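These notes are about the structure you will find just below.
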Amino acid sequence: MEKKYWQSINAYKAQPNQSLFEKQPLKEFTVDGLDESEVKGKSSRRDFLKSLGFSVGAVALVSSCQMPVRKAIPFLNQPEEIIPGVANYYASTFYDGHDYCSILVKNREGRPIKIEGNELSKLSKGGTNARAQASVLNLYDDARLKNPMKDGQNTDWETVDREIVAKLNALKGREGSIAIVTGTVISPSTTSLIKEFVAAHPGTEWVMYDANAYEAIRKAHKAQTGEGIIPFYQFDKAETIVSFGADFLGTWLMPVTFTKQFNTNRKLDKDKQNMSKLFVVESNLSLTGSNADERYTIKPSEEAAVLLDLYNKLAARSGQATYNGPASPIDTSEIADELFNARGKSLVVCGTNKLENQLIVNAINYILGNYENTLNTRQPIMLSQGSDEAMLSLVQKMNTGQIGMLMCWNVNPVYDHPQAEQFIEGLKKVDAVVSFADRMDETASQSTYVCPDNNYLESWDDAEAVRGYYSIMQPAIRNIFNTRQAQDSLLKWLGSEQEFSAYMEQYWETKIFPYQSAFAGFRPFWTQAKHDGLFDMEVESTNFAFTPIELKAEKPSDAAGFELVVYEKVAIGTGKYTNNPWLMELPDPVTTATWDNYLTISIADAESQGLLQEDVVSFGNGLELPLLIQPGQAKGTLGIAMGFGRSGAGPVANGIGANAFGLMQINKGLKVANQAGITLENTGKKYQLALTQSQHTMEGRNVVKETTLAAFLQDPASGNEDQKYKEKVAATLYPEAKFDGFHWGLAVDLNSCTGCGNCVISCQAENNVSVVGKDEVRRHRIMHWMRIDRYYSEDADNPKVYHQPVMCQHCDNAPCENVCPVAATNHSSEGLNQMAYNRCIGTKYCMNNCPYRVRRFNWFAYINNPKFNFNKNSDLGKMVLNPDVTVRERGVVEKCSFCVQRIQDKKLNAKQENRKLEDLEIKTACMQSCPGDALVFGNMNDPESKVSLLMKSKRRYRLVEELHTLPSVSYLTKVRNTSKA
Amino acid sequence: MINTLVRGTFTAREKSFRQVTDDIARPTYSNAAKWWYVAMGIATLMLLFGLWAIYTSIAVGLGTWGLNNSVAWGWDIINFVWWIGIGHAGTAFTIFLIVFRAKWAAIFNRTAEAMTVLAVACAGLFPALHLGRIWLIFFILPYPNTRGPLWVNFNSPLFWDVLAITTYLTLSLTLWYFGMLPDLATLRDRSKSKIAKAVYGFFSMGWVGSVKNWIRYEAMIKVLGGLAAPLVISVHSIVALDFAISVIPGWHTTILPPYFFVGAIFSGFAMVMTLTIFIRKLYNLQDYITIPHLESIARVLIFGSLVIGLAYLTEMFVAWYSGWEFEMFTFLKNRATGEYRTAFWIMVFCNALVPQLFWFRKIRTSIAWMLIISIIINIGMWYERFIIVVSSLSHTFLPATWTSYSPTIVDIGIYVGTFGIFFTGILLFLKYIPSIAINETKAFSKKSSH
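Now the structure itself:
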């Protein structure tokens, strides 16, 4: 028995025989909720261990329920240029084999997060397009390959290199057994490298191949001038522009450059009272067509007849040879008059890849004296050098088994070749196919080796989009994955130890540096070139000689059925961006459709065929697509966008729409993007398109105000007459808000906006705007902070089109502000209508009370939600997020902030440098890269600021002025250069 | 028996006080009928459907509703306004009874007030659920906090709503409960089971029926009635201000507050009519809720219908008279002849035309007709709110932003769920509380000292 220790004399005394009365309180006192055995002795130690175990277990359990801890590891060695919270900008070049612009890459904490236009560039002049803006998201695409592949299996570079070099060596004896297919290469140093490779492997064939080609322009010039060039078009110098199906503002050749050029001649102010006149003759209603002053609709097969008719009219006037041809379906006399009056200051362009059409176009430009005026042949465009014939002959060679190794670089012929079947057949007869694709695309998945190329933001390269205008591409981030720049692969296989960056530097030192005189040494020159991202070189003049040759025009097709036109969509291009959710959700500037592929049909044809919008029809070789009834579509024609129907682009793209490349025709060795004799069959199925707009006319409201040039010259306020009255009668009981210091405002020139959608994507990238997917767009829940409203007016068969960018109007008397019960949206002292996301409880009252409908609600959690499996649901995709902008939670309202983070950034800079903010120093994301310079942001309190000057324009008006919401955003009337009112 | 000059005699058969108590209190101590269990089962299923819908809304997001960027309020606010309107009858009856001493109203008072409490509770659910972040709902309350200068926005009608509805709910609940005290005491005294005795005893707050009790009671009822009187006007006017304060054509009109008030009385009375028709049949209360009683409601409905019809015409006229294109579009085109014409004409038919049938005495005194018309009125009043909320929001100033709206299963679920709340509440009320105020009935009967 245990010894019992007494603690007090009472206890000692009480022990032998306790009475019931005495015992009770004692027990109560000592026990304290536990019985005796638990208080003392061995069992209490066991219990201690038990409870210890329980508590440790509980703590472990509870703590394991916490959010996973994510460690932010500080730099061991702080890189010199990276200051947390401060952005770095690197000059670079956006070129994807098709589209070109000079850019600045905005880096935060080592990650590229935004593309900005490079204002030093003489070509793109600070403009970008939606594709360039969205290209940063391609860097963070989960579908990118993470390793080199062999026969569809991950492998390492050593294996790939060893095996490919062995194969190359084995093929050394077989001349002409190696072929390299690339997209158009405009890089001088890469060209030099490929040539070196070809020299090291004699007989190697290098074929350039474009998915959407403009080769006929080169061929026509070859025939007429001896030089197979694409002249550098000068839309800024042209007073009369005629486009035959060339969507030069949207997709044709260099849309950013051309939009910049075009708009310099469309701006109107006190000093400049004239603008160019744009005629568009086309089948689909393109972005350019939607900006036309006069637009004619024809079938594609009628184009040659119209062109020849126009040529004959002009030739007759200038005493040149005329040629017999079929009658023109449209009256070209107005075009001819205007062109003739603007001789030497006019420009005719044509987007059709047919030799005879381009020959006529060149002849017209020649007899108008436009060469060397509006067409620069000394500095031609270097884009689109692909040769369809060379590609076709290569396919034949592959099929005959002559090719031992095929390298596909920046091309995807399995997907986009019109005769893809034959190409695939040919591929099977090639021993080794090497693809440089960045993903398992259609071609890569049929290749032996995939040597994934870097994203362009991880690469070194240069570009000469127009002769003499060089720009530099430089990496803004180290390779994210185990990829390697294709040039480095080639160097490696050549047995060189050099890296391509060194190779390129060497090239510049030897080939480009000598042509300049500003710098004495190469180092400073090279540093400056990398800093600017640009170098412009004087180009020697060449002898230009034009030899007129006989022109002919084919008879318009009389085949029954429709003529189908395959066109390039502004957003996704030839299919390179189909896996980019930003671009997939960018509403088409004309149809406002997102996400889908569809067949456009004219109103008259839909009626006569008894077809309705969204009826699914089958056509071609069993393709099925829904119909979209498109005002302005030429009667008897259909339009289909290329770039869809992909199977190897990634989860966002795959399986959407139909592949239209198979509908292209090979005509005399040229890919022609149309086909006659298409019949439609109603499948009886319906498919709901994701359109962002369901009402297409202005219902007689003064939403977009318009006037004609003639009326504008008489009265600059024409079309805007009611503004004066509305301002006069505006009455309020309350004093108007006063803003000391800054009062931010934005002016939108509707005459400069082409509706290209660049600002929408720029805003999306800058402000972390969510992608919501097809279903949510159908429910009208698109999140874009900035939208471009599109309206039609007048003749439904060939309507006038209006594009109107609408963002938060930052009303000084904002209806949204007074209705929020928790004051989550309120007015800043600088006139900004601001949102406190943390305060928002989501009553949505502000959305209802916004007359402009610019507020957006987070209907679902768009981040970390597998139902919205876009970039915000992937760790990689989230790297594109701008750390300066809050990612909004489910249930809050969001909207345009006038890029308040940019305002604050520049204000802070000025303060640190102890100086005043300069006008135009702050540029909102939409304004910065606008290729049309349609948006001007600034301080309205400064009477000299550009925005203030625009606010004083007689063309200026505000949306729904009579509500007296006092928006800070103003619009300038659209002026159409047309004689018809 | 009440004899009035205009409305005639109210009680068909004379009853003794004991009989009155027996008749009215019977359901509280007898076993519920079969229909009660069936009805309760259905109501519970509706409630469960509603709970699922509410869970989905909160857990997944408001994206499960049919709303979009342009139409950010839909069935949530339609049903909110509709329920608030239904609720109005209770307070209106209280005013009639207490302020105007309209004796015939006594018979409806208890049920109508129960309806008010339940309907306001149903209504209040919607503004809470329509929040994107319901978990932060306390932001809307003006309480001292540590967020510095962050305070509620007193300019916002939504904040006025919060005050109006909470006040209204509190007052209706108090009034309803307070008016029940003598009856609860009666039940306490009559109950045989111990539990019932205890519960009724607790809730009757020691009522003994002394003179002192009665004096205090009468005084208090008058005070509460007096307080409730302005509320009946203010609540729905404030709800109307949610719309009238905005800048949206179709919402921004000064007619809305009186128009909403009358609409509320109108729909509330129709709902009382529907319910009491069932109650008198199911509980054999035909001797108390007589045809003349119901006829009185029908007369009020004629009046309401005329005012509503006039409001519709006034709106159209003012829109035309304003000459403002947006107003004209909203009323004359969008609503009357445009996309919403079906709903618009259903509304006019149900609210302005059908109730005119009550001009005929035969229809006014026919239970079947009254039941049908009262239900038609509440359908019409739902369409009125639909027209106001959706047609205005979906087609505002910029045509590019026009959208259409349709509800989802979750929207429907929440609406059905509120019916579940309402009906389970009403059924419990019928089972445990006398549906007619026993003391008032006695007070107004012939043998009373009045």
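Respectively, the protein sequence lines represent chains A and B.
Going letter by letter, the first sequence gives residues 42 to 1022 in my numbering.
Going letter by letter, the second sequence gives residues -2 to 447 in my numbering.
The beta carbon of each residue, even a glycine, is placed where N, CA and C say it ideally should be.
As the structure is a prediction and not an experimental result, all values here were calculated from the model.
Within the same chain, show all residues whose beta-carbon is closer than 8 angstroms to that of residue 252 of chain B, passing over the 5 residues directly before and after it, in chain order.
By 1-based counting over the second sequence, the position of residue 252 of chain B is 255. 308, 311, 312 and 315, listed in sequence order.
For residue 916 of chain A, which beta-bridge partners are listed by DSSP?
In the first sequence, counting from the first residue as 1, residue 916 of chain A sits at position 875. In DSSP, residue 916 of chain A forms no bridge with anything.
So what does DSSP say about residue 496 of chain A, is it helix, strand or coil?
Reading the first sequence from its first residue, position 455 is the one you call residue 496 of chain A. The answer is coil: DSSP assigns residue 496 of chain A none of H, G, I, E or B.
By Cβ distance below 8 angstroms, which residues in the same chain neighbour residue 327 of chain B in space, the five residues on each side in sequence not counted?
Here residue 327 of chain B is taken as the residue at index 330 of the second sequence, counted from 1. Cβ neighbours of residue 327 of chain B beyond the five flanking positions: 246, 247, 316, 388, 389 and 392.
Can you give the Cα-Cα distance for residue 131 of chain B and residue 902 of chain A, rounded to whole angstroms?
As a first step, residue 131 of chain B must be located in the second sequence, where it is residue number 134. As a first step, residue 902 of chain A must be located in the first sequence, where it is residue number 861. So the alpha carbons of these two residues sit roughly 14 angstroms apart.
Counting beta carbon pairs with one atom in the region 323 to 339 of chain A and one in the region 350 to 364 of chain A, are three or more of them shorter than 8 angstroms?
No, the region 350 to 364 of chain A does not touch the region 323 to 339 of chain A.
Pick from A/330, A/321, A/419 and A/341: whose alpha carbon is nearest that of residue 373 of chain A?
On the first sequence, position 332 is the one that residue 373 of chain A refers to. For residue 373 of chain A, the nearest C-alpha among the options comes from A/321.
Residue 397 of chain A to residue 318 of chain A, Cα distance in whole Å?
Taking the first residue of the first sequence as position 1, residue 397 of chain A is located at position 356. Taking the first residue of the first sequence as position 1, residue 318 of chain A is located at position 277. Near 26 angstroms, if we compare the C-alpha coordinates of residue 318 of chain A and residue 397 of chain A.
Comparing C-alpha positions only, which one of B/270, B/282, B/49 and B/374 sits nearest to residue 126 of chain B?
Residue numbering aside, residue 126 of chain B sits at position 129 when the second sequence is read from its first letter. Selected option, being the one with the closest Cα: B/49.
Let me know the secondary structure DSSP gives residue 991 of chain A once reduced to three states.
Counting from 1 along the first sequence, the entry for residue 991 of chain A is found at position 950. Correct three-state label for residue 991 of chain A: helix.
Just checking: is the beta-carbon of residue 740 of chain A within a distance shorter than 8 angstroms of some beta-carbon in chain B?
Position 699 of the first sequence, counted from the start, is the residue given in the question as residue 740 of chain A. It does; some Cβ of chain B falls within 8 angstroms.
Mind checking which residues open and close the beta strand (DSSP E) that includes residue 876 of chain A?
Working through the first sequence from its first residue, we reach residue 876 of chain A at position 835. Counting along the chain, the beta strand (DSSP E) containing residue 876 of chain A begins and ends at 874 to 876.
If I measure Cβ to Cβ from residue 470 of chain A and keep anything under 7 angstroms in the same chain, skipping five residues before and after, which residues do I get?
Numbered from its first residue, the first sequence carries residue 470 of chain A at position 429. Contacts found: 439, 440 and 442.
Give me the subset of the region 49 to 69 of chain B whose CB atoms are less than 9 angstroms from a CB atom of chain A, sorted by chain position.
Against chain A - using a Cβ distance shorter than 9 angstroms - the residues of the region 49 to 69 of chain B are 57, 58, 59, 60, 61, 62, 63, 64, 65, 66, 67, 68 and 69.
Compare the C-beta of residue 319 of chain B with all C-beta atoms of chain A and state if any pair is closer than 8 angstroms.
Taking the first residue of the second sequence as position 1, residue 319 of chain B is located at position 322. With 8 angstroms as the cut-off, residue 319 of chain B does not count as an interface residue toward chain A.
Which class does residue 437 of chain B belong to by DSSP, given the choice of helix, strand or coil?
Numbered from 1 along the second sequence, position 440 holds the residue referred to as residue 437 of chain B. It is helical.
Measure the beta-carbon distance from residue 592 of chain A to residue 364 of chain A and round it to whole angstroms, keeping in mind my assumption that it falls under 8 angstroms.
Position 551 of the first sequence holds residue 592 of chain A. Position 323 of the first sequence holds residue 364 of chain A. Contact holds; Cβ gap of about 5 angstroms.
With distance defined between alpha-carbon atoms, name the residue in A/905, A/747 and A/330 nearest to residue 998 of chain A.
As a first step, residue 998 of chain A must be located in the first sequence, where it is residue number 957. Cα-wise, what sits closest to residue 998 of chain A is A/747.
Just to confirm the assignment, what range does the alpha helix (DSSP H) spanning residue 264 of chain A have?
The sequence position of residue 264 of chain A within the first sequence is 223, counting from 1. Residues 256 to 266.
Taking only three categories from DSSP, how would you classify residue 785 of chain A?
Along the first sequence, read from residue 1 onward, the residue named residue 785 of chain A stands at position 744. Reduced to three states, the DSSP call for residue 785 of chain A is strand.
With distances taken Cα to Cα, identify the nearest neighbour of residue 755 of chain A among A/688, A/343 and A/315.
Residue numbering aside, residue 755 of chain A sits at position 714 when the first sequence is read from its first letter. Minimum Cα distance to residue 755 of chain A is reached at A/315.
Let me know if residue 381 of chain B comes out buried or exposed under the rule of 16 or more other beta-carbons within 10 Å of its beta-carbon.
On the second sequence, position 384 is the one that residue 381 of chain B refers to. The residue is buried, with at least 16 neighbouring Cβ atoms inside 10 Å.
In or out: residue 692 of chain A buried (at least 16 other Cβ within 10 Å) or exposed?
Numbered from 1 along the first sequence, position 651 holds the residue referred to as residue 692 of chain A. Residue 692 of chain A should be labelled exposed.
Quick check: the Cα distance between residue 338 of chain A and residue 676 of chain A, rounded to an integer number of angstroms?
As a working mapping, residue 338 of chain A is identified with position 297 in the first sequence. As a working mapping, residue 676 of chain A is identified with position 635 in the first sequence. About 8 angstroms.
Quick one: list the residues of chain A neighbouring residue 393 of chain B, beta-carbon separation under 7 angstroms, in chain order.
Start at 1 with the first residue of the second sequence, and residue 393 of chain B comes out as number 396. 892 and 894, listed in chain order.
First and last residue of the alpha helix (DSSP H) that includes residue 449 of chain A?
As a first step, residue 449 of chain A is located in the first sequence; it is residue number 408 there, counting from the start. Run containing residue 449 of chain A: none in the alpha helix (DSSP H); it sits in the beta strand (DSSP E), 446 to 450.
In whole angstroms, what is the alpha-carbon distance linking residue 968 of chain A and residue 186 of chain A?
Counting from 1 along the first sequence, the entry for residue 968 of chain A is found at position 927. Counting from 1 along the first sequence, the entry for residue 186 of chain A is found at position 145. Taking the straight line from one Cα to the other gives about 35 angstroms.
Taking all protein chains shown into account, do 16 or more other C-beta atoms lie within 10 angstroms of the C-beta of residue 343 of chain A, making it buried, or fewer, making it exposed?
Start at 1 with the first residue of the first sequence, and residue 343 of chain A comes out as number 302. The residue is buried, with at least 16 neighbouring Cβ atoms inside 10 Å.
Kindly confirm or deny that the region 375 to 385 of chain A and the region 629 to 640 of chain A touch, where touching means at least three C-beta pairs closer than 8 angstroms.
With the cut-off at 8 angstroms, the region 375 to 385 of chain A and the region 629 to 640 of chain A do not touch.
Give the residues of chain B in contact with residue 635 of chain A, contact being defined as C-beta atoms less than 8 angstroms apart.
Along the first sequence, read from residue 1 onward, the residue named residue 635 of chain A stands at position 594. Within 8 angstroms Cβ-Cβ: nothing; residue 635 of chain A doesn't reach chain B, min ~14 angstroms.
Expressed to the nearest angstrom, what Euclidean distance is found between the alpha-carbon atoms of residue 508 of chain A and residue 786 of chain A?
Translated into the one-based positions of the first sequence, residue 508 of chain A becomes position 467. Translated into the one-based positions of the first sequence, residue 786 of chain A becomes position 745. Cα to Cα, the separation comes out at about 40 angstroms.
Along the beta strand (DSSP E) that carries residue 247 of chain A, what are the first and last residues, could you check?
Residue 247 of chain A sits at position 206 when you count from the first residue of the first sequence. 246 to 249 is the extent of the beta strand (DSSP E) around residue 247 of chain A.
Less than 8 angstroms between CB atoms is the rule here; does residue 451 of chain B satisfy it with respect to chain A?
The requested residue 451 of chain B does not occur in the structure, where chain B is confined to residues -2 to 447.
For residue 477 of chain A and residue 234 of chain A, I'd like the C-alpha separation in whole angstroms.
Within the first sequence, residue 477 of chain A is the residue found at index 436, counting from 1. Within the first sequence, residue 234 of chain A is the residue found at index 193, counting from 1. Approximately 16 angstroms between the Cα atoms of the pair.
For a test of the three-state rule: what should DSSP assign to residue 357 of chain B, helix, strand or coil?
As a first step, residue 357 of chain B must be located in the second sequence, where it is residue number 360. If DSSP states are grouped into helix, strand and coil, residue 357 of chain B belongs with coil.
Determine the burial state of residue 572 of chain A: buried for a count of at least 16 other Cβ atoms within 10 Å of its Cβ, exposed for fewer.
For this step, residue 572 of chain A is matched to residue 531 along the first sequence. The residue in question, residue 572 of chain A, is exposed, as its Cβ has fewer than 16 Cβ neighbours within 10 Å.
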